[in-house]
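Asker: Sequential numbering of the sequence shown, starting at 120, is according to our numbering.
Ideal placement from N, C-alpha and C gives every residue a C-beta, glycine not left out.
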Amino acid sequence: MLIQCLGAFILSTEETQTIPRPSGRATLFIALLVNANDTLTSDQLIEEIWPDHIPDDPYGSLHAQISRLRKDMRNWGIDGVTANICHQHPGYMLTIDESLVDISTFTSLVEQCTAAFPSDPETAMECARRGLEIWHGTPFTAHRVGFLGKIARMRLEESQLIAQEVLVDSALAMGLHRHSIGRLKELVVTHPYRERFHEQLMTALYRSGRQGEALQVYREACTRLHRELGIEPSPPLQQLMNRMLQQDPAVLDYSPLTPWGLHTKSFAH
């Protein structure tokens, strides 16, 4: 059994592959899944399924949805040993081996890459690369998620961007600046307000002997930030530009740009 959440929502066994259709029960299952092995209160689950129109008998309706979801899980090939929804005061809990869920593997790899950088950029790059290979798009694509699902989705999307940053930071620390330019150009376009990607692209271009292009990246970032948000670039981005104008040799140094770390919790919560 493998449960894929990072992109399309797919449940796979050796014999079958199931794509749950969007529904209230799928929303319920997602909420339980991203909080696997933790108890969610009945009130949390009711709000997750019916955020706008709570039924007249919410607790009875939730119990009915749980019963139907258990049947759905059997139809999906999830037996009571692999995963089970149990009543746990004051609500319900999905017990499951988290290694069967791609979210768990992805989160573990992001934790490993952030822990390895900057002391071991080769390991950091490998863990980031493996984590990004698992990522296939917005978690639970095409499914409506409630508050708990949205929180998990946002955390996972942020972790994906952190993995991208670590991958590039590690590559730059290993002298692979030319190989990073294409990826960074795409990241700057898709995430124009994430200034870290601008810093990395400027550095990669500068180290590749493309100083004019590096400064053009800065000018374009300044124009966008000022025009669309009414703000100036962050101090690190401004400082990097000034160091380039001053021909600071440290910009060419392959040592890690900025030691930093990230504390993440296990799984998605």
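Taking Cβ positions, are G143 and I168 nearer each other than 8 Å?
Answerer: yes
Asker: According to the neighbour-count rule (16 or more other Cβ atoms, all chains shown, within 10 Å of its Cβ), is Q366 buried or exposed?
Answerer: Classification for Q366: exposed.
Asker: Report the partner residues of C205 according to the DSSP bridge assignment.
Answerer: M212
Asker: Applying the criterion that 16 or more other CB atoms from any shown protein chain within 10 Å of the CB defines a buried residue, is R193 buried or exposed?
Answerer: exposed
Asker: Counting only C-beta atoms, is R313 closer than 8 Å to chain B at any point?
Answerer: Looking for chain B here will not work: only one protein chain is present.
Asker: Near P311, which residues of its chain fall below 7 Å by C-beta distance, leaving aside the five closest residues on each side in sequence?
Answerer: Here the set comprises R343.
Asker: What residue range is occupied by the uninterrupted beta strand (DSSP E) comprising L147?
Answerer: First-last for L147: G143 to L152, but that is the alpha helix (DSSP H), not the beta strand (DSSP E).
Asker: How big is the Cα-Cα spacing for N154 and L324?
Answerer: 42 Å
Asker: Based on the DSSP secondary-structure assignment, which residues constitute the bridge partners of V220?
Answerer: For V220, the pairing in a beta bridge is given by DSSP as I122.
Asker: So does the stretch 222-230 actually touch the stretch 259-266, counting three or more Cβ pairs closer than 8 Å?
Answerer: no
Asker: I need the boundaries of the beta strand (DSSP E) containing I129, first residue and last residue.
Answerer: I129 to S131
Asker: Drop a sphere of 10 angstroms on the beta-carbon of P368, count the other beta-carbons inside from all chains shown, and report buried for 16 or more, exposed for fewer.
Answerer: exposed
Asker: Using 8 Å as the threshold, is the C-beta distance between L320 and V307 below it?
Answerer: yes
Asker: At the level of alpha carbons, what is the spacing between L280 and G268?
Answerer: 19 Å
Asker: Could you tell me the alpha carbon to alpha carbon distance between Q358 and E318, rounded to whole angstroms?
Answerer: 10 Å
Asker: Secondary structure at Q136, three-state DSSP: helix, strand or coil?
Answerer: strand
Asker: For a test of the three-state rule: what should DSSP assign to L159, helix, strand or coil?
Answerer: strand
Asker: Count the other C-beta atoms from every protein chain shown that fall within 10 angstroms of the C-beta of Y211, then say buried if there are 16 or more, exposed otherwise.
Answerer: buried
Asker: I'd like to know whether the C-beta atoms of L117 and I197 end up nearer to each other than 8 Å.
Answerer: There is no way to answer for residue 117, as the model of the chain reaches only from 120 to 388.
Asker: Compute the Euclidean distance between the alpha carbons of D239 and F148, then round it to the nearest angstrom.
Answerer: 38 Å
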